[in-house]
Amino acid sequence: MEIVLSGIRSTGHLHLGNYYGALRNYIKMQDNYNCFFFIADLHSLTTHPHPDDFHSGVRTILAEYLASGLDPEKSAIFVQSDVPEISELYVLLNMISYKGELERTTSFKDKVRQNPDNVNAGLLTYPVLMAADILIHRANLVPVGKDQEQHLEVARVLARRFNSFYNTEVFPEPKAFNFGDDLVKVPGLDGSGKMGKSEGNGVYLCDDETTIRKKVMKAVTDAGPTEPNSTMPEAVANLFTLLNIVSSKDTVDHFKESYNNCTIRYGDLKKQLAEDICKQTLPIKAKIEQIYNDEEYLKRVVKRGTEQARESASATLKEVRRAVGFRSFLGFDDK
Ligand code: TYM
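Here the sequence shown is numbered in our numbering, starting from 1086 and rising by one per residue.
Quick look at the structure:
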């Protein structure tokens, strides 16, 4: 069975971008693959969260994973920092990762632009840690959104490079995955760019109905088309992208037609969009709080997931250490 791995950083609540770009695929893949899903708490440290908030951030993602339908009977669900094998592989992969190639990744360049005062080494080697997450389980498929495509490319390069450097075949080349075809980019409601946790333009799985309606009704549009079949401005195209993701084909066709013959009323489109988002997210929201507060359940889930993850990770690391040439005087490599 092919191995699937993916994760989300613990930097706030999950939004529609996380859900439609990644999480929904995790849920669909659980029945047909050997799945590992985790919470990327080490990755979240690049932005220096306060220690008092750190654990609740992890717990939030865990509860939202489970409320969305991740099933601990089907998938190994774990927290990145509970699997130390990942960090060891990260060190080893760092030795074959080059500053120039890491500096060229778009996400690094964006972060440097956004936060010039916090260009830490963890930010530069973010894709290497991500590669370690993936390669430690020798994953074949990685369900992610469009913004992670380049990071996946780094993981593929490092898998190939490690194999040829150490003359081994320990790592398969992982592939970014989406059901259908292209990876998804969920736009924000503010007219341009993607939906993101730090962009303040998101609809969250934990939002209530009133909040969702308010956010969607406030979404940026324009004065409306004046000529038949005119090109959509980005803000309007983004609303159609969202509609495509959450609504039925009939609904999308109906609003497309009314756009093309200039009879569209954006208010109606937004109302429909809000309703269709609510249909998908409110059943998830209803479960989040109860799961978040069920400490015993969360412990059981993570205990089981961590055992499975560590078993898989330590088997890989053993081969990796052999390939690199470690032979411990203390017998660590014989176990
Ligand atoms: P993070 O937390 O930024 O994003 C988690 C997942 O959500 C997807 N995503 C989106 N998809 C479509 N449209 C959007 N607007 C949108 N916003 C977020 C992301 O593509 C991602 O799949 N580095 C990863 C976390 C990670 C990881 C890994 C993923 C760490 N190690 C190993 C896969 C494999 C990240 O950016 O998380």
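Beta carbons: idealized from backbone N, C-alpha and C, even for Gly.
**Prompt:** Exposed or buried, what is Tyr1351 when buried is set at 16 or more other beta-carbons lying within 10 Å of its beta-carbon?
**Reply:** Buried, by the Cβ-count rule.
**Message:** For a test of your reading of the model: does the CB of Arg1094 fall under 6 Å from any non-hydrogen atom of ligand 1? Yes or no.
**Reply:** Arg1094 Cβ: within cutoff of ligand 1.
**Asked** What number of angstroms, rounded off, separates the C-alpha of Phe1139 from the C-alpha of Leu1130?
**Response** Approximately 9 Å between the Cα atoms of the pair.
**Asked** Do Lys1270 and Lys1231 have their C-beta atoms closer together than 7 Å?
**Response** Yes; because the gap between Cβ atoms is below 7 Å, this pair is in contact.
**Message:** Taking 6 Å as the cut-off, is the beta-carbon of Asp1126 closer than that to any non-hydrogen atom of ligand 1?
**Reply:** Short note on Asp1126: C-beta not closer than 6 Å to any heavy atom of ligand 1.
**Burial state of Ala1125 (16 or more Cβ within 10 Å)** = Classification of Ala1125: buried, given that the 10 Å Cβ count is 16 or more.
**Request:** Report buried or exposed for Cys1120, applying the criterion of at least 16 other Cβ atoms within 10 angstroms of its Cβ.
**Result:** Counting of Cβ neighbours within 10 angstroms places Cys1120 among the buried residues, the total reaching 16 or more.
**Exposure of Pro1136, with buried meaning 16 or more beta-carbon neighbours within 10 Å** = Its Cβ having fewer than 16 others within 10 Å, Pro1136 is exposed.
**alpha helix (DSSP H) runs wholly inside the stretch 1304-1363, at least 4 long, in chain order** = Assignment of alpha helix (DSSP H) within the stretch 1304-1363, counting only whole runs of 4 or more residues, yields 1319-1331 and 1334-1345 in chain order.
**N- and C-terminal bounds of the alpha helix (DSSP H) containing Lys1483** = As shown, the chain starts at 1086 and ends at 1420. That puts residue 1483 outside it, with no answer to give.
**Message:** I'd like to know whether the C-beta atoms of Glu1234 and Leu1268 end up nearer to each other than 7 Å.
**Reply:** Yes, the pair counts as a contact, with Cβ atoms nearer than the cut-off.
**Request:** Leaving out five residues on either side along the sequence, give the residues of the same chain with a beta carbon under 6 Å from the beta carbon of Thr1366.
**Result:** Correct list, in chain order: Leu1290.
**Prompt:** What residue from Leu1155, Gly1142 and Met1114 has the CA that sits closest to Leu1127's CA?
**Reply:** With distances taken between Cα atoms, Leu1127 lies closest to Gly1142.
**Message:** At 4 residues or longer, what runs of the alpha helix (DSSP H) sit wholly inside the stretch 1159-1233?
**Reply:** 1169-1179, 1184-1188, 1191-1199, 1206-1209 and 1211-1220, all fully within the stretch 1159-1233.
**Burial state of Met1180 (16 or more Cβ within 10 Å)** = Under a 10 Å Cβ-count criterion, Met1180 is classified as exposed, with fewer than 16 other Cβ atoms of the shown protein chains found around its own Cβ.
**Request:** Evaluate contact between the stretch 1354-1364 and the stretch 1290-1301, counting only Cβ atoms and requiring at least three cross-stretch pairs below 8 Å.
**Result:** The stretch 1354-1364 is in contact with the stretch 1290-1301.
**Item:** When Thr1348, Gly1281 and Val1387 are compared against Tyr1104, the one with the closest alpha-carbon
**Value:** Relative to Tyr1104, the option among Thr1348, Gly1281 and Val1387 whose CA is nearest is Gly1281.
**Request:** Compute the minimum distance between the beta carbon of Ser1141 and the heavy atoms of ligand 1, and state whether it is under 6 Å.
**Result:** The answer is no for Ser1141.
**Asked** Closest by CA to Ala1371, which one among Ser1095, Glu1149 and Leu1108?
**Response** If we check each option's Cα against that of Ala1371, Glu1149 comes out closest.
**Message:** Check for me: the alpha helix (DSSP H) holding Val1143 runs from which residue to which?
**Reply:** Note, Val1143: alpha helix (DSSP H), Pro1136 to Ser1153.
**Asked** Considering only residues of the same chain and omitting the five flanking positions on each side of Ala1107, which have a CB-CB separation below 7 Å?
**Response** The residues are Ser1091, Ile1093, Pro1228, Val1229 and Gly1230.
**Item:** His1222, buried or exposed, once every other Cβ within 10 Å from all chains shown has been counted against 16
**Value:** Flag for His1222 reads buried.
**Request:** Quickly, what does DSSP pair Val1089 with across the bridge? List them, please.
**Result:** In the DSSP assignment, Val1089 forms a beta bridge with Cys1120 and Leu1226.
**Asked** In this structure, does DSSP put Arg1094 in helix, strand or coil?
**Response** Residue state, collapsed to three classes: strand.
**Message:** Could you check if Ala1107 belongs to the surroundings of ligand 2, using beta carbon to heavy atom distance under 6 Å?
**Reply:** Ligand 2 is not among the ligands present in this structure, which contains only ligand 1.
**Prompt:** Can Glu1279 be considered in contact with ligand 1, in the sense that its beta carbon sits closer than 6 Å to one or more heavy atoms?
**Reply:** In the sequence under discussion, the amino acid at residue 1279 is Lys, which differs from the Glu named in the question. Lys1279: yes, Cβ under 6 Å from ligand 1.
**Message:** In the DSSP output, what is Lys1289 paired with across the bridge?
**Reply:** The sequence shown places Tyr at residue 1289, rather than the Lys named in the question. The partner list for Tyr1289 (beta bridge, DSSP) reads His1100.
**Prompt:** What does Ala1261 pair with, by DSSP beta-bridge criteria?
**Reply:** DSSP, once it has assigned bridges, lists Val1227 as partnering Ala1261.
**Prompt:** Using the C-alpha atoms, what's the distance from Asn1345 back to Thr1306?
**Reply:** Thr1306 and Asn1345 have their alpha carbons spaced roughly 15 Å apart.
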